[in-house]
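> I'd like to ask some things about the structure below.
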Amino acid sequence: MNDSKKSGNATKKRKGFDFNKWGYAFIAPFFIIFTIFSLIPLISTFTNSLFENYRVGLTQIGPKFIGLTNYFEVLKSDIPRYIGNTFVIWIAGFIPQIVISLVLSVWFTSSDLKIKAQQFFKTVIYMPNLIMASAFAMLFFTIFSDNGPANSILMKLGLAEEHIRFLSSVKWTRGLIASMNFLMWYGNTTIMLMAGIMGIDESIFEAAKIDGATPLQVFFKITMPMLMPIFVYVLITSLIGGIQMFDVPQILTNGDGNPNRTSLTLIMYLNKHLASKNYGMAGAVSVITFFITSVFSFGVYSITMNKYRNMTGGRK
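Under this note's numbering, the first residue of the sequence shown carries the number 210, and numbering increases by one thereafter.
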């Protein structure tokens, strides 16, 4: 009798144990890491932007609360020019990136073309994404320097009579930066778009072919509308990456944004304030960058997703 009572109590205790509480233990690491490495730095950055806090030689000035003065000083500077530089370079690299990625993704997923050695080609186009941006920039800097291999080849082929100063030309410098961004990221974009296309039901394409739809009609009427959520994701992440562009132009132009600061990006401008220990101005530039990124990302998402809903008749 006593044994049965004990077993009954043990059963009640086991039934009363709430396993759902373990869920909080599993999600706790994410919130702890987010708080330490994201939330606290965000709050600290905004706080610094409200203070005068910089160093002159060995003398520390501040921190002294000055409100929005740092923001007014930043807006009076050449920051609109640096924002323009950033977007021009990003657009110059993103347009060929998205066009070529769309073409490649359609080719690799086409059942009609049946491209051989697909795994090899996928590996090749993804390889540049594995190279560090700094190493890639140094490679281009060496190739296109005044006495680099590019000039030697052009002169030997008779295409140039004298050395071309690639890094002293606005168009060439911006073009090289855009080309590097394109080469580093078009493989990743292609893989993502391929995944989106492969998620579309094959029977839809077969029905379109039976109805006599041309490849272009299939692409614009079926593939693109159904690929739009992935396309929007690629567009927004590329936009965020473009606004945060730093390592490639920093190395290629030796941190000066030459010629005449025409390739000085927004984050390079932020880095100059950090290098000079002006944490107040750096905080203000960071907050402005965050605001620009949020506005453009939300705007792109709203516009593109509204078009997606219109194309799909309001279906999600």
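Note that beta-carbon positions come from the ideal geometry of N, C-alpha and C, so glycine has one too. Only a predicted model underlies this, so the values are computations on that prediction, with no experimental measurement involved.
DSSP state of residue 463, grouped into three classes?
Taking the first residue of the sequence shown as position 1, residue 463 is located at position 254. Three-state result, residue 463: coil.
> Quick one: residues in its chain with C-beta nearer than 6 Å to the C-beta of residue 447, no 5 flanking neighbours on either side, listed in chain order?
Here residue 447 refers to the residue found at position 238 when the sequence shown is read from its first residue. Excluding positions up to five away in sequence, the list reads 303.
> Just the Cα atoms here: how many angstroms apart are residue 415 and residue 335?
The residue given as residue 415 occupies position 206 in the sequence shown. The residue given as residue 335 occupies position 126 in the sequence shown. Using only the alpha carbons, I get a separation of about 30 Å.
> Determine which residues share a DSSP beta bridge with residue 273 and list them.
Translated into the one-based positions of the sequence shown, residue 273 becomes position 64. In DSSP, residue 273 forms a bridge with 261.
> Roughly how far, in whole angstroms, is the beta-carbon of residue 301 from the beta-carbon of residue 359, given that I think they are within contact range, below 8 Å?
Along the sequence shown, read from residue 1 onward, the residue named residue 301 stands at position 92. Along the sequence shown, read from residue 1 onward, the residue named residue 359 stands at position 150. Not quite, the Cβ-Cβ distance comes to about 19 Å (not below 8 Å), so this is no contact.
> With a threshold of 16 other CB atoms inside 10 Å of the CB of residue 458, please say whether the residue is buried or exposed.
As a first step, residue 458 must be located in the sequence shown, where it is residue number 249. Looking at its Cβ environment, which holds 16 or more other Cβ atoms inside 10 Å, residue 458 is buried.
> Between the C-alpha atoms of residue 475 and residue 419, what's the straight-line distance to the nearest angstrom?
Locating residue 475 in the sequence shown gives position 266, where the first residue counts as 1. Locating residue 419 in the sequence shown gives position 210, where the first residue counts as 1. Spanning the two alpha carbons is a distance of roughly 51 Å.
> Spatial neighbours of residue 449 within its chain, please: CB distance less than 8 Å, with the 5 preceding and 5 following residues excluded, ordered by chain position.
Position 240 of the sequence shown, counting from 1, holds the residue named residue 449. If we look at residue 449 and ignore the five residues flanking it on each side, its Cβ neighbours are 502 and 506.
> Quick one: grab the DSSP three-state call for residue 268.
Sequence index remark: in the sequence shown, residue 268 carries index 59 (1-based). In the structure shown, residue 268 sits in a strand (DSSP, three-state: E or B).
> Measuring only between beta-carbons, confirm whether residue 315 sits less than 8 Å from chain D.
The structure shown contains no chain D; it is built from a single protein chain.
> In the DSSP assignment, the alpha helix (DSSP H) including residue 433 goes from what residue to what residue?
In the sequence shown, counting from the first residue as 1, residue 433 sits at position 224. Here the alpha helix (DSSP H) through residue 433 covers 433-452.
> From residue 243 to residue 251, what distance separates their C-alpha atoms?
Numbered from its first residue, the sequence shown carries residue 243 at position 34. Numbered from its first residue, the sequence shown carries residue 251 at position 42. Taking the straight line joining both Cα atoms gives about 11 Å.
> Residue 353 lies in the alpha helix (DSSP H); which residues open and close that run?
As a working note, residue 353 is residue 144 in the sequence shown. Segment: none, residue 353 is in no alpha helix (DSSP H) and carries neither H nor E.
> What residues in its chain sit with their C-beta under 8 Å from that of residue 256, if we drop five residues either side in the sequence?
The sequence position of residue 256 within the sequence shown is 47, counting from 1. The residues are 492.
> Judging by CA-CA distance, which residue of 331, 389, 367 and 264 is the nearest neighbour of residue 341?
Here residue 341 refers to the residue found at position 132 when the sequence shown is read from its first residue. Nearest C-alpha to residue 341: 389.
> Kindly list the residues whose CB is nearer than 7 Å to the CB of residue 490, restricted to its own chain and excluding five residues on each side of it in sequence; keep chain order.
As a first step, residue 490 is located in the sequence shown; it is residue number 281 there, counting from the start. Within the same chain, residue 490 has close Cβ partners 279, 282, 283 and 482.
> Where does residue 346 land, buried or exposed, given buried means 16+ other C-beta within 10 angstroms?
The residue given as residue 346 occupies position 137 in the sequence shown. Buried: at least 16 other Cβ atoms inside 10 Å.
> Note down the Cα distance separating residue 500 from residue 240, rounded to an integer number of angstroms.
The sequence position of residue 500 within the sequence shown is 291, counting from 1. The sequence position of residue 240 within the sequence shown is 31, counting from 1. Spanning the two alpha carbons is a distance of roughly 23 Å.
> Just verifying my parser: in three-state terms, what is the DSSP assignment at residue 343?
Translated into positions along the sequence shown, residue 343 becomes position 134. Residue state, collapsed to three classes: helix.
> Tell me whether residue 482 sits in a helix, a strand or coil according to DSSP, three-state version.
Translated into positions along the sequence shown, residue 482 becomes position 273. If DSSP states are grouped into helix, strand and coil, residue 482 belongs with the helices.
> May I have the straight-line CA-CA distance separating residue 295 from residue 348, to the nearest angstrom?
If you number the sequence shown from 1, residue 295 lands on position 86. If you number the sequence shown from 1, residue 348 lands on position 139. Each residue's alpha carbon lies about 22 Å from the other.
> For residue 330, tell me which candidate among 375, 371, 400 and 496 has the shortest Cα-Cα distance.
Residue 330 sits at position 121 when you count from the first residue of the sequence shown. Comparing Cα positions, the closest option is 400.
> Taking the alpha carbon of residue 473 as the reference point, which residue from 435, 290 and 271 has its own alpha carbon closest?
Residue 473 sits at position 264 when you count from the first residue of the sequence shown. When each option's Cα is compared against that of residue 473, the closest is 290.
> Less than 8 Å between the beta carbons of residue 530 and residue 395, yes or no?
For residue 530 there is no data in the structure shown, the boundaries of the chain being 210 and 525.
> Would residue 510 and residue 427 be called neighbours here (beta carbons separated by less than 8 Å)?
Counted from its first residue, the sequence shown places residue 510 at position 301. Counted from its first residue, the sequence shown places residue 427 at position 218. Cβ distance not < 8 Å, so residue 510 and residue 427 don't count as in contact.
> By how many angstroms is the C-alpha of residue 365 removed from the C-alpha of residue 430?
The count along the sequence shown starts at 1 and reaches residue 430 at position 221. The count along the sequence shown starts at 1 and reaches residue 365 at position 156. So the alpha carbons of these two residues sit roughly 49 Å apart.
> Does the contact criterion of 3 or more C-beta pairs under 8 Å hold for the stretch 374-386 versus the stretch 307-321?
In short, these stretches do not touch, since the Cβ pair count stays below three.
> Take residue 471 as the anchor and find which of 498, 356, 352 and 298 has the nearest alpha-carbon.
By 1-based counting over the sequence shown, the position of residue 471 is 262. When each option's Cα is compared against that of residue 471, the closest is 298.
> How many whole angstroms separate the CB atoms of residue 376 and residue 353, which I take to be in contact at a CB cut-off of 8 Å?
Along the sequence shown, read from residue 1 onward, the residue named residue 376 stands at position 167. Along the sequence shown, read from residue 1 onward, the residue named residue 353 stands at position 144. Confirmed, about 6 Å.
> I'd like the list of long-range same chain contacts for residue 486, defined as Cβ closer than 8 Å, with 5 residues on each side in sequence excluded.
Your numbering for residue 486 matches position 277 in the sequence shown. Once the five neighbours on either side are set aside, the close Cβ partners of residue 486 are 263 and 264.
> So, helix, strand or coil for residue 371, using DSSP?
By one-based count along the sequence shown, residue 371 stands at place 162. Coil.
> In the DSSP assignment, find the alpha helix (DSSP H) that holds residue 405 and state where it starts and stops.
For the purposes of this step, residue 405 is identified with residue 196 of the sequence shown, where counting begins at 1. Here the alpha helix (DSSP H) through residue 405 covers 379-407.
> Below 8 Å on the Cβ atoms is my contact criterion, and I expect residue 465 with residue 343 to pass it. Report the Cβ-Cβ distance as a whole number of Å.
Locating residue 465 in the sequence shown gives position 256, where the first residue counts as 1. Locating residue 343 in the sequence shown gives position 134, where the first residue counts as 1. Wrong, their Cβ atoms sit about 17 Å apart, outside the cutoff.
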